[in-house]
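Chains as they are written, first to last, in this note's numbering: chain X, 709 to 820; chain R, 104 to 215.
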């Protein structure tokens, strides 16, 4: 079984750029999550989709962050425009009916 | 304020020793608890889950849950240097969208 895949694994952006991160959930999973992880803030929820419907959009992250679920097997997270404080690891996770939540390998974003 | 509190923030144990990690939810509308382990530079991986009062053992790992106090603990006996990692506790909400709320984690270091 393929796990959660994320691309790219590393991204370097200039301040003000638009970047798009991609995620493919585990086949058959209905729940998809985007998180941001930093040493200071820990894991922060950015977006949560259930069966492609947006359940939660992470409040404080509405401004420049937009996640979309284009179909049941593909999601994107767009950050526009990027700022240096967005430098973090972005994790995608998916969850099946047994509520086991699996994380992808993450994308490490550096904004200069 | 974090709704899932983990303690201690960091822990150092000698190889072969016992590590004890704690997690409490201040939100009463939770049921399942999950423990994840995250090695440096990697994404979180599921370790164990518990939803019934009592304890559950898998190899060197034992998880306890007290549903009345919404407190769970993870105990690692015969700790190994490979157990050095960030341990995250997650509580599943049992109302609304059933998302997991993660604690800030306990950083465990096992020294040889």
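Ideal Cβ positions, reconstructed from N, Cα and C, are used throughout, including at glycine. Values in this document were obtained by computation on a predicted structure and should not be read as measured data.
Cβ of residue 133 of chain R within 7 Å of Cβ of residue 196 of chain R? Against a cut-off of 7 Å, the Cβ pair of residue 196 of chain R and residue 133 of chain R comes out as a contact.
C-alpha gap between residue 798 of chain X and residue 754 of chain X, whole angstroms: Distance between the alpha carbons of residue 798 of chain X and residue 754 of chain X is about 9 Å.
Find out if the Cβ-Cβ distance for the pair residue 759 of chain X, residue 738 of chain X is shorter than 7 Å. Cβ distance < 7 Å, so residue 759 of chain X and residue 738 of chain X count as in contact.
In angstroms, rounded to a whole number, what distance separates the CA positions of residue 211 of chain R and residue 114 of chain R? When the Cα atoms are used, residue 211 of chain R and residue 114 of chain R turn out to be separated by approximately 5 Å.
Reduced DSSP category for residue 768 of chain X - H, G, I as helix; E, B as strand; rest coil: Helix.
Report the residue ranges of all beta strand (DSSP E) runs contained in full by the segment 718–793 of chain X; include only those spanning at least 3 residues, in chain order. Within the segment 718–793 of chain X, the complete beta strand (DSSP E) runs of at least 3 residues are 718–721, 727–732, 739–746, 750–758, 761–764, 773–779, 782–787.
Under a Cβ-count criterion, where at least 16 other Cβ atoms within 10 Å of its own Cβ denotes burial, should residue 767 of chain X be classed as buried or exposed? Classification of residue 767 of chain X: exposed, given that the 10 Å Cβ count is below 16.
Is there a C-beta anywhere in chain X that falls below 7 Å from the one on residue 106 of chain R? No, residue 106 of chain R does not count as interfacial toward chain X.
Let me know if residue 805 of chain X comes out buried or exposed under the rule of 16 or more other beta-carbons within 10 Å of its beta-carbon. The residue in question, residue 805 of chain X, is exposed, as its Cβ has fewer than 16 Cβ neighbours within 10 Å.
Using a Cβ cut-off of 8 Å, pull out every chain X residue sitting near residue 190 of chain R, in sequence order please. Simply none; closest approach about 12 Å.
By how many angstroms is the C-alpha of residue 156 of chain R removed from the C-alpha of residue 193 of chain R? As the crow flies, the alpha-carbon of residue 193 of chain R is around 16 Å from that of residue 156 of chain R.
On the DSSP letters alone, give me the boundaries of the beta strand (DSSP E) that residue 134 of chain R sits inside. Counted as a single uninterrupted DSSP element, the beta strand (DSSP E) harbouring residue 134 of chain R occupies residues 133–141.
Within 7 Å of any Cβ in chain R, is that where the Cβ of residue 798 of chain X sits? For residue 798 of chain X, the answer is no, since every Cβ of chain R falls outside 7 Å of its Cβ.
For residue 818 of chain X and residue 717 of chain X, what's the separation of their Cα atoms in angstroms? In this structure, the CA atom of residue 818 of chain X is about 11 Å from the CA atom of residue 717 of chain X.
Confirm, please, whether the CB-CB distance from residue 786 of chain X to residue 770 of chain X is below 7 Å. For residue 770 of chain X and residue 786 of chain X, no; Cβs fall outside 7 Å.
Contact with chain R by residue 716 of chain X, beta-carbon distance below 7 Å: False, the Cβ-Cβ gap to chain R never drops below 7 Å.
Report the neighbours of residue 200 of chain R on chain X: residues whose CB is nearer than 8 Å to its CB, in chain order. Listed along chain X, the residues sitting closer than 8 Å to residue 200 of chain R by beta-carbon distance are 756, 758, 763, 764.
8 Å Cβ shell around residue 201 of chain R - same chain, five flanking residues per side excluded: 195, listed in sequence order.
Strictly below 8 Å CB to CB, what residues from chain X border residue 195 of chain R? Among the residues of chain X, those whose CB is under 8 Å from the CB of residue 195 of chain R are 807, following chain order.
Verify the CB distance criterion: does residue 187 of chain R have a CB-CB separation below 7 Å to chain X? For residue 187 of chain R, no Cβ of chain X is located within less than 7 Å of the residue's own Cβ.
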